[in-house]
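A.B. asks:
There are 2 protein chains.
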Amino acid sequence: MSARSTIMDDNSFRAEHADALDPATRALTERREKSLGGSYRLFYRRPVHLVRGEGQYLWDASGRRYLDMYNNVASLGHCHPAVVEAVTRQASTLNTHTRYLHETILDYTDDLLTTLPAELDRAMYMCTGSEANDLALRVAKFVTGGDGVIVTREAYHGTSELTSSVSPALGSGQPIAPTARLVDAPDAYRVDTPDLGAWFAQRVSDAIDDMERAGTRFAGLLVDSLFSSDGVLPGPAGYLREAADVVHRAGGVVIADEVQPGFARTGEAFWGFARHGIVPDVVTMGKPMGNGIPVSGLVARTEVLDAFSDRIPYFNTFGGNPVSMAAARAVLDTIRSEGLQEHSAAIGAELLTALRGLATRHEAIGDVRGAGLFVGLELVSDRTALTPDRALALDVLEELRERGVLTSVAGPHGNVLKLRPPLAFASADIAWVTTALDEALTVLTS
Amino acid sequence: MSARSTIMDDNSFRAEHADALDPATRALTERREKSLGGSYRLFYRRPVHLVRGEGQYLWDASGRRYLDMYNNVASLGHCHPAVVEAVTRQASTLNTHTRYLHETILDYTDDLLTTLPAELDRAMYMCTGSEANDLALRVAKFVTGGDGVIVTREAYHGTSELTSSVSPALGSGQPIAPTARLVDAPDAYRVDTPDLGAWFAQRVSDAIDDMERAGTRFAGLLVDSLFSSDGVLPGPAGYLREAADVVHRAGGVVIADEVQPGFARTGEAFWGFARHGIVPDVVTMGKPMGNGIPVSGLVARTEVLDAFSDRIPYFNTFGGNPVSMAAARAVLDTIRSEGLQEHSAAIGAELLTALRGLATRHEAIGDVRGAGLFVGLELVSDRTALTPDRALALDVLEELRERGVLTSVAGPHGNVLKLRPPLAFASADIAWVTTALDEALTVLTS
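As you go down the protein sequences, you meet chains A and B in turn. Everything in the first sequence is counted per the working numbering, starting at 555 for the first residue and increasing by one. Everything in the second sequence is counted per the working numbering, starting at 555 for the first residue and increasing by one.
1) Can you tell me which of A/M680, A/I730, A/A880 and A/A994 puts its alpha carbon nearest to the alpha carbon of B/F1001?
2) By the 8 angstroms beta-carbon criterion, what residues does the stretch 707-740 of chain A contribute toward chain B?
3) Bridge partners for B/T921 per DSSP, in chain order?
4) What's the call for A/E715, buried or exposed, on a 16-neighbour Cβ count within 10 Å?
5) By the 10 Å Cβ neighbour count, where 16 or more other Cβ atoms means buried, how is B/P790 classified, buried or exposed?
6) Check A/L998 in the structure and name its three-state DSSP category.
7) Per DSSP, which residues does A/W613 bridge with? Please list them.
8) May I have a chain-ordered list of the alpha helix (DSSP H) segments no shorter than 4 residues that lie completely inside the stretch 668-700 of chain A?
9) Using beta-carbon positions only, say whether A/G851 and A/M678 come within less than 8 angstroms of one another.
10) What residues from the stretch 668-700 of chain B come within 8 angstroms of chain A, judged by C-beta to C-beta, listed N to C?
11) Relative to the C-alpha of A/D675, which candidate in A/A731, A/L660, A/R767 and A/H656 has its C-alpha closest?
12) Grouping DSSP H, G and I as helix and E and B as strand, with all else coil, what is A/S556?
13) Are A/V602 and A/A884 close, meaning C-beta to C-beta below 8 angstroms?
14) Would you mind stating whether A/A694 and A/G774 have Cβ atoms separated by less than 8 angstroms?
15) Please list, in chain order, all residues of the same chain as A/P942 whose beta carbon is under 7 angstroms from its beta carbon, the five residues on each side excluded.
16) Considering only C-alpha positions, which residue in the set A/R955, A/P975 and A/A978 is nearest to A/A990?
17) Using a C-beta to C-beta distance shorter than 9 angstroms, which residues of chain B count as neighbours of A/H571?
18) Of all the residues that make up the stretch 581-606 of chain A, which are near chain B by a beta-carbon distance shorter than 9 angstroms?
19) Please report the straight-line C-alpha distance between B/A574 and A/E896, rounded to a whole angstrom.
20) Taking 8 angstroms as the cut-off, does the stretch 741-756 of chain B touch the stretch 781-795 of chain B (at least 3 CB pairs, one atom from each stretch)?
21) What did DSSP end up calling B/V877 once you bin it into helix, strand or coil?
22) Between A/L648 and the rest of its own chain, which residues show a CB-CB distance below 6 angstroms, the 5 nearest in sequence each way excluded?
23) Do you know how far the Cα of A/S684 is from the Cα of A/R771?
24) In three-state DSSP terms, what is A/V987?
25) Step through the CB atoms of chain B and report whether any lies within less than 8 angstroms of the CB of A/P1001.
26) Do B/Y624 and B/E932 have their beta-carbon atoms positioned less than 8 angstroms apart in this structure?
27) Which class does A/D704 belong to by DSSP, given the choice of helix, strand or coil?
28) Scan the stretch 842-920 of chain B and note each continuous alpha helix (DSSP H) run of 4 residues or more that stays entirely inside, going in chain order.
29) Return the chain-ordered list of same chain residues with a C-beta closer than 8 angstroms to the C-beta of B/Y611, the five sequence neighbours on each side being excluded.
30) Shorter than 8 angstroms from the beta carbon of B/V970 to some beta carbon of chain A?
31) Could you say which of B/L912, B/I919, B/F928 and B/D983 lies nearest to B/F817 if we only look at CA atoms?
32) Assuming B/L995 and B/V922 form a contact by the criterion Cβ under 8 angstroms, report the distance between their Cβ atoms to the nearest whole angstrom.
33) List the residues of chain B whose Cβ lies closer than 8 angstroms to the Cβ of A/G911, in chain order.
34) Quick one: is A/T770 near chain B, going by C-beta distance under 8 angstroms?
35) Please confirm whether B/Y611 has its beta-carbon closer than 8 angstroms to some beta-carbon of chain A.
36) Just the Cα atoms here: how many angstroms apart are B/G826 and B/R819?
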């Protein structure tokens, strides 16, 4: 790959490392190189060959157990029996599409809407977060008549042409739409301001002015309310409120991309945007929605969605099918029955405390921040200058992997460890993470 | 909806019909109206509430059995036990993504590639046909440096912004890309020419000239090799060969959209394009690939795909996950173990013969055509003038529904019954279809 991409290229396996692999792993990497598209990337210099998952744990082919600190897809825990059971039951009974009546999509929608502000009253379903964001952008364009979209400087919103064109995290090989504008994310660690909300709102306002001077009509702001690929920026809660007001005053649409922060992840609220006290016009959701079964969704205000629906039919063959909806129902039910939002808040706070304890002994830890079980740990070479240490972060990933802890990095400098385990992650797992990190930093920085 | 859309609006339930519904059905339609996006469309003036499926049959809430003559998603048959078993087993064991090694994606890819020409040697996986076509178009643009795409006049290729912009079947509300060109589909019933291949190639050649005069560089031709939404146009086999040559001579990419004709549907070949003796540069696949589990794919020549892969990372969270791949493997295995391609050829021929028998007694049947279990039956008000009878086709759909036969229409005039049952469709089912159609036409035209 010619261009650096912060979300895709870090700590990837590369063919020059093949000699160091055991024969079975090497055989699998060679098969991938031969038959899969060149865009595929493996995590780690020594890729992991997984064969089993349960709860927050994964096992490789040699029987070794790993702690999954990265995957919010299996958000209830890997292979959660409630989802497996729901999928098996529905797949054995009926699987069709939305051109026929089926109650599960309606029951699920009623339930989903109770988690959202009352203004957000219409749901549609697709299969991936990319599809949800692609549709959300089309809806914003139709309702405003504009095509100017604002995203953050290291945003990632999807793999379709439209969503890729507002995903600078894909690297310099990916063209950004000329009508789009990139704004710096509200990074409480790196931005020196007494009021981060006002600071961010000013950037959004400037971007609107800038695009309008260029003759582009403003369509909306598309943001992940925890700014995951911008480096995991949880706080302070509320910092999106003024920006949302600016967007609305300018006639634009606020799209909350909840693919990462949604479904109880942040602990403080069921949805990431709710932490900021805003009501978006469109909410998109994906990854954890079916605990691994491909399902995504878009919820919007009727009047916003109608501008699109009145003109263009939308039929997604697999979207909202009874099996995907059964999986999604099981996820919502389990989040409640297992109290996972409260769990995320409590265990996330414990994890933060433990990691901050580690920071007192390791100068390289510049910042530890998070909301619930979505934590960013920033590695720096100089705590005063906040100099990002990307090389150290990549080496730490490898050392963690050798100690059975799987995760990855984020942020414009690629130096933020992104800790986002299945919500099954428990108090007893914290020591594994902190010990591994302690050892990794000791090995690498002493 | 303000604009007619041939693929989405036909025989839809509309609220003015609500009074005629039984209370339970009415309650479900009202719930949909209230909570789902306005783009959703229900089949039939009296929508069907399905609760169970098995093989080629579906059951509604009152216990009534239907013959499914429309769904190629449940292509092996509804709730095929081999797929349910594979999904349950894998979902209970492990479900992750392509950043870790897993053998199922590799085993499946090896198997899939054996069904394709040797030049097509690289696979990628997504969740929907739209995602596969969106990526295929991006690949074509990158490898050619152009963005001029040719599609047929009533084509449908997907729901993303990019694929919608080359999907005129979505109706006049959907903007078509200014760089795209629409060509008439090779319709052996309506086009009076001794050489349909040369006729179609000329249209493609003219479209290339036209776009180049407008300063648009040609990227490629995207075609469903059976032209499903253009009215189901199976023959004569071979008619795509000259057009493919024209595209290649002009430096363009041939993309075969196999979402509908693929996976043994046409009986004559495993892939629709193979009937025409061409080797596309990119093949996209979807609907039947996982028998209802959301999975889609793109297979391409290495040198075509590399132009994209070398510049842009592509990661589809759910694409190629172990559960989707397990479902896809079960589908390929079952197609072979149950001999479904041969079955499709044999039973499709029987069905064609039976329907042609019916045509001798019903003047309204203008044409019956098909390849395997993909059949189009064209209704006309005048056999000599070939006048399309859309109103009759829509009424026939309703009459068939009342007789337990579920299907829909296609084609630029919306007058072609599209008969595309699960491949489980058997010889013994033919009488149900022909009797229902006989009765429907007798009621409606005598």
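Every residue, glycine too, gets a C-beta built ideally from N, C-alpha and C. Keep in mind that this is a model prediction, so the values were computed, not measured.
C.D. replies: For this structure:
1) Not covered by the structure: residue 1001 of chain B. The range shown for chain B is 555 to 1000.
2) Of all residues in the stretch 707-740 of chain A, those with a C-beta nearer than 8 angstroms to a C-beta of chain B are T713, S714, E715, L716, S718, L724, G725, G727 and Q728, reading in chain order.
3) For the purposes of this step, residue 921 of chain B is taken as the residue at position 367 of the second sequence. The question names Thr, but residue 921 of chain B in the sequence shown is Asp. Its beta-bridge partners are B/E932.
4) Here residue 715 of chain A refers to the residue found at position 161 when the first sequence is read from its first residue. With 16 or more other Cβ atoms within 10 Å, it is buried.
5) The residue given as residue 790 of chain B occupies position 236 in the second sequence. It counts as exposed.
6) Translated into the one-based positions of the first sequence, residue 998 of chain A becomes position 444. DSSP places A/L998 in helix when its eight states are reduced to three.
7) Here residue 613 of chain A is taken as the residue at index 59 of the first sequence, counted from 1. DSSP lists A/R606 and A/R619 as the bridge partner or partners of A/W613.
8) Here the runs fully enclosed are 683-698.
9) Here residue 851 of chain A is taken as the residue at index 297 of the first sequence, counted from 1. Here residue 678 of chain A is taken as the residue at index 124 of the first sequence, counted from 1. With a cutoff of 8 angstroms on beta-carbon distance, A/G851 and A/M678 are scored as near each other.
10) Listed by position along the chain: D675, R676, A677, M678, M680, C681, T682, G683, S684, E685, D688, L689, L691 and R692.
11) Indexing the first sequence from 1 puts residue 675 of chain A at position 121. Looking from the CA of A/D675, the closest CA among A/A731, A/L660, A/R767 and A/H656 belongs to A/L660.
12) Along the first sequence, one-based indexing puts residue 556 of chain A at 2. The pLDDT assigned to A/S556 is 35, lower than 50, so where the model puts this residue is not dependable; a value taken from the coordinates is nonetheless given after this. Of the three classes helix, strand and coil, the one that applies to A/S556 here is coil, per DSSP.
13) As a first step, residue 602 of chain A must be located in the first sequence, where it is residue number 48. As a first step, residue 884 of chain A must be located in the first sequence, where it is residue number 330. Against a cut-off of 8 angstroms, the Cβ pair of A/A884 and A/V602 comes out as no contact.
14) Translated into the one-based positions of the first sequence, residue 694 of chain A becomes position 140. Translated into the one-based positions of the first sequence, residue 774 of chain A becomes position 220. Contact: yes.
15) Taking the first residue of the first sequence as position 1, residue 942 of chain A is located at position 388. Only V934, H967 and N969 meet the Cβ criterion.
16) Residue mapping note: residue 990 of chain A aligns to position 436 of the first sequence, counting from 1. Out of A/R955, A/P975 and A/A978, A/R955 has the C-alpha closest to the C-alpha of A/A990.
17) Position 17 of the first sequence, counted from the start, is the residue given in the question as residue 571 of chain A. By Cβ distance, chain B contributes nothing, its closest Cβ being about 14 angstroms from A/H571, past 9 angstroms.
18) From the stretch 581-606 of chain A, only L582, T583, R585, R586, K588, S589, L590, G591, G592, S593, Y594, R595, L596, F597, Y598, P601, V602, H603, L604, V605 and R606 have a Cβ closer than 9 angstroms to chain B.
19) Walking along the second sequence from the start, residue 574 of chain B turns up at place 20. Walking along the first sequence from the start, residue 896 of chain A turns up at place 342. A/E896 has its alpha-carbon roughly 48 angstroms from the corresponding atom of B/A574.
20) Here the stretch 781-795 of chain B makes contact with the stretch 741-756 of chain B; the two share three or more CB pairs at distances below 8 angstroms.
21) In the second sequence, residue 877 of chain B corresponds to position 323, counting from 1. DSSP places B/V877 in helix when its eight states are reduced to three.
22) Position 94 of the first sequence, counted from the start, is the residue given in the question as residue 648 of chain A. Cβ within range, chain order: P876.
23) To locate residue 771 of chain A, count along the first sequence from 1; it is residue 217. To locate residue 684 of chain A, count along the first sequence from 1; it is residue 130. So the alpha carbons of these two residues sit roughly 23 angstroms apart.
24) As a working mapping, residue 987 of chain A is identified with position 433 in the first sequence. DSSP, read as helix, strand or coil, puts A/V987 in helix.
25) There is no way to answer for residue 1001 of chain A, as the model of chain A reaches only from 555 to 1000.
26) For the purposes of this step, residue 932 of chain B is identified with residue 378 of the second sequence, where counting begins at 1. For the purposes of this step, residue 624 of chain B is identified with residue 70 of the second sequence, where counting begins at 1. It is not a contact, given that the beta carbons lie outside the stated cut-off.
27) The residue you call residue 704 of chain A lines up with position 150 of the first sequence. A small fix is needed here, since residue 704 of chain A is Ile in this sequence, not Asp. DSSP, read as helix, strand or coil, puts A/I704 in strand.
28) Counting only runs of 4 or more, we get 856-863, 876-891 and 894-913.
29) The residue labelled residue 611 of chain B in the question sits at position 57 within the second sequence. Scanning its chain for C-beta atoms nearer than 8 angstroms, with the 5 sequence neighbours on each side dropped, one finds around B/Y611 the residues R619, Y620, L621, D622 and H632, in chain order.
30) Numbered from 1 along the second sequence, position 416 holds the residue referred to as residue 970 of chain B. Closer than 8 angstroms: no.
31) Your numbering for residue 817 of chain B matches position 263 in the second sequence. Among B/L912, B/I919, B/F928 and B/D983, the Cα nearest to that of B/F817 is on B/F928.
32) Counting from one through the second sequence, the residue named residue 995 of chain B turns up at place 441. Counting from one through the second sequence, the residue named residue 922 of chain B turns up at place 368. Contact annotation, B/L995 with B/V922: C-beta distance approximately 13 angstroms; criterion of less than 8 angstroms not satisfied.
33) Position 357 of the first sequence holds residue 911 of chain A. Neighbours of A/G911 across chain B, judged by C-beta separation under 8 angstroms, do not exist; the nearest C-beta is about 30 angstroms away.
34) Against the first sequence, residue 770 of chain A aligns to sequence position 216. Closer than 8 angstroms to the CB of A/T770 there is not a single CB belonging to chain B.
35) Within the second sequence, the letter at position 57 stands for residue 611 of chain B. No, its Cβ sits nowhere closer than 8 angstroms to a Cβ of chain A.
36) As a position in the second sequence, residue 826 of chain B is number 272, starting the count at 1. As a position in the second sequence, residue 819 of chain B is number 265, starting the count at 1. Near 8 angstroms, if we compare the C-alpha coordinates of B/R819 and B/G826.
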